[in-house]
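What follows is a short report on a single structure.
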Amino acid sequence: MNDTPKIPGSQRRVPKPEGLNPPVGSPAAGDPPAPNHSETNPVGPRLNVDDWERAARSRLSDMAYGYYVSGSDDEITLRENRSAFSRMFLRYRVLRDVSRRDLGTTVLGHELPFPLMVAPSAFHQLATPEGEVATAGAASEHGTIMILSTLSNRAVEDVVAASQHPVWFQLYIYKDREITGALVDRVVAAGCKAIVLTVDAPKLGRRERDMRTGFHLPEGIRMENFLPDDYRSLPQEQGESGLASYAADLLDPSIQWSDLEWLVQRAPVPVLVKGIVHPDDAVLALKHGAKGIVVSNHGGRQLDTSIPSIQALSEVRRAVSGHSCQDGSLPVVLMDGGVRRGTDILKAVALGADAVLVGRPILWGLAVEGREGASKVLSLLHQEFDLAMALAGCRCLDEVTEDLLAFEKPAHKV
Ligand code: GLV
Numbered sequence: 010m011n012d013t014p015k016i017p018g019s020q021r022r023v024p025k026p027e028g029l030n031p032p033v034g035s036p037a038a039g040d041p042p043a044p045n046h047s048e049t050n051p052v053g054p055r056l057n058v059d060d061w062e063r064a065a066r067s068r069l070s071d072m073a074y075g076y077y078v079s080g081s082d083d084e085i086t087l088r089e090n091r092s093a094f095s096r097m098f099l100r101y102r103v104l105r106d107v108s109r110r111d112l113g114t115t116v117l118g119h120e121l122p123f124p125l126m127v128a129p130s131a132f133h134q135l136a137t138p139e140g141e142v143a144t145a146g147a148a149s150e151h152g153t154i155m156i157l158s159t160l161s162n163r164a165v166e167d168v169v170a171a172s173q174h175p176v177w178f179q180l181y182i183y184k185d186r187e188i189t190g191a192l193v194d195r196v197v198a199a200g201c202k203a204i205v206l207t208v209d210a211p212k213l214g215r216r217e218r219d220m221r222t223g224f225h226l227p228e229g230i231r232m233e234n235f236l237p238d239d240y241r242s243l244p245q246e247q248g249e250s251g252l253a254s255y256a257a258d259l260l261d262p263s264i265q266w267s268d269l270e271w272l273v274q275r276a277p278v279p280v281l282v283k284g285i286v287h288p289d290d291a292v293l294a295l296k297h298g299a300k301g302i303v304v305s306n307h308g309g310r311q312l313d314t315s316i317p318s319i320q321a322l323s324e325v326r327r328a329v330s331g332h333s334c335q336d337g338s339l340p341v342v343l344m345d346g347g348v349r350r351g352t353d354i355l356k357a358v359a360l361g362a363d364a365v366l367v368g369r370p371i372l373w374g375l376a377v378e379g380r381e382g383a384s385k386v387l388s389l390l391h392q393e394f395d396l397a398m399a400l401a402g403c404r405c406l407d408e409v410t411e412d413l414l415a416f417e418k419p420a421h422k423v
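Using the numbering used here, the letters of the sequence shown map in sequence onto residues 10 to 423.
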């Protein structure tokens, strides 16, 4: 049994000081292609997240599906977020009596039944009429935290009311600081328990799929959390992404570390910073008042060819492990990007994540069956993670340690 000590207050293990930096080299030439469940299971049961995606694709408009699924430029990071997981291997343990397992963890004082939360993603009414209210209901059924996007369609008050568990709010900083400040005040008054500041989007990444479809919000779908009308809808321009135009007009590309300090002063709830991949930035975020980091490249939608999130995670965790937050607490470290399987969650926890965030899988569930679909996707990931824990010989998250990971394919002897 592994007896790695717990860090008081953070529920995390101390990562090993030296060591692993997962290589993300390309698969060897001649490797058989990975199975693509989206193509091989046209009408069968939805057994995995890819099956849900395939079902969602047939229900969504090309514009909505293209928006949700897309990455920037050549979508290299989008793909690598996933394939980096498949180049990590599990050195599982045996004969450990895994008949009982505790998958629980604690994030900012909230107990999660397993280390997964709902990532912020925009415009849930493109998937289901209930929009983010459905998402909150599903997250609540599973006892987990939902992070509501600035670009949400439903009013934050309704979303918070739909959940028995904490809702956090993802924030973009607008050029108009009064509008940004008013939004922060509103979401805090509505009951959001933390703010997650996105810092990887001083400008929107170039998403060619959205340019091709002229991405915009259909009639009747708006961003309800803003007061001024020009902030509530996206422009419709031929051959352009409406979101790209909206972001270029309204979001502030000049944000810097002092803006994080401004937010920390303004918000009476913890602030986390999302979109960090460089270890030095992680340390700076803590110095400027953040209570946590979300290691993320925005689902491959911002700077293409940026490092896959799971690779950045180990570097960031190691960098912050000697640091505390301004108030002396230990920082929360979350990650998103490419999590589609229970084994992915296991690998992220082994590399030091307190929890992972999932975005697109929730959207696929919403698109197929609304709240129930999102809930089924969460159940699926919960079951997959539970099985992965048992098969890896882990009875609790403290036993999910870095030594379980191997980063190179075993050499084939002839
Ligand atoms: C919104 O945050 C997006 O990436 O489209």
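Where a beta carbon is used, it is the ideal one built from N, C-alpha and C, also for glycine.
Taking the beta strand (DSSP E) that residue i falls in, what are its first and last residues?
i: residue 155; result: 155-157
i: residue 126; result: 125-127
i: residue 137; result: Neither: residue 137 is in no beta strand (DSSP E) and is coded neither H nor E.
Kindly indicate which three-state DSSP category residue i falls into: helix, strand or coil?
i: residue 430; result: Absent from the model: residue 430. The displayed extent of the chain is 10 to 423, so no value can be given.
i: residue 258; result: helix
i: residue 414; result: strand
i: residue 264; result: coil
i: residue 230; result: coil
i: residue 206; result: strand
i: residue 366; result: strand
i: residue 20; result: Its pLDDT being 48, under 50, residue 20 is placed unreliably in this model, and the value from its coordinates should be taken loosely. Three-state DSSP puts residue 20 in coil, outside helix and strand.
i: residue 44; result: With a pLDDT of only 47 at residue 44, under the threshold of 50, the placement of this residue in the model should not be trusted; the figure read from the coordinates follows. Three-state result, residue 44: coil.
i: residue 38; result: The predicted position of residue 38 is uncertain, since its pLDDT is 43 and thus under 50; a value taken from the coordinates is nonetheless stated next. Three-state DSSP puts residue 38 in coil, outside helix and strand.
Thinking residue i and residue j are a contact (beta carbons under 8 Å), I'd like their distance in whole angstroms, please.
i: residue 285; j: residue 303; result: 7 Å
i: residue 178; j: residue 356; result: The pair is not a contact, with the Cβ atoms about 28 Å apart (cut-off 8 Å).
i: residue 308; j: residue 368; result: 6 Å
i: residue 116; j: residue 278; result: Actually they are not in contact, since the Cβ atoms of residue 116 and residue 278 sit about 14 Å apart, beyond 8 Å.
i: residue 97; j: residue 414; result: 6 Å
i: residue 344; j: residue 365; result: 6 Å
i: residue 58; j: residue 349; result: 5 Å
i: residue 260; j: residue 224; result: With a Cβ gap of about 16 Å, residue 260 and residue 224 do not count as contacting.
Residue range of the alpha helix (DSSP H) that residue i falls in?
i: residue 399; result: 369-401
i: residue 186; result: 186-199
i: residue 96; result: That residue, residue 96, is in no alpha helix (DSSP H); it is neither H nor E in DSSP.
i: residue 351; result: 351-359
i: residue 108; result: First-last for residue 108: undefined, no H or E at that position.
i: residue 170; result: 165-170
i: residue 75; result: 71-78
i: residue 501; result: Past the boundaries of the shown model lies residue 501; the chain is included only from 10 to 423, so the question cannot be answered.
i: residue 59; result: 58-68
i: residue 217; result: 217-222
State the beta-bridge partners of residue i as determined by DSSP.
i: residue 115; result: 120
i: residue 282; result: 206, 302
**Entirely enclosed alpha helix (DSSP H) segments - the region 284-349, minimum 4 residues** = Listed in chain order, the complete alpha helix (DSSP H) runs (minimum 4 residues) inside the region 284-349 are 288-296, 318-329.
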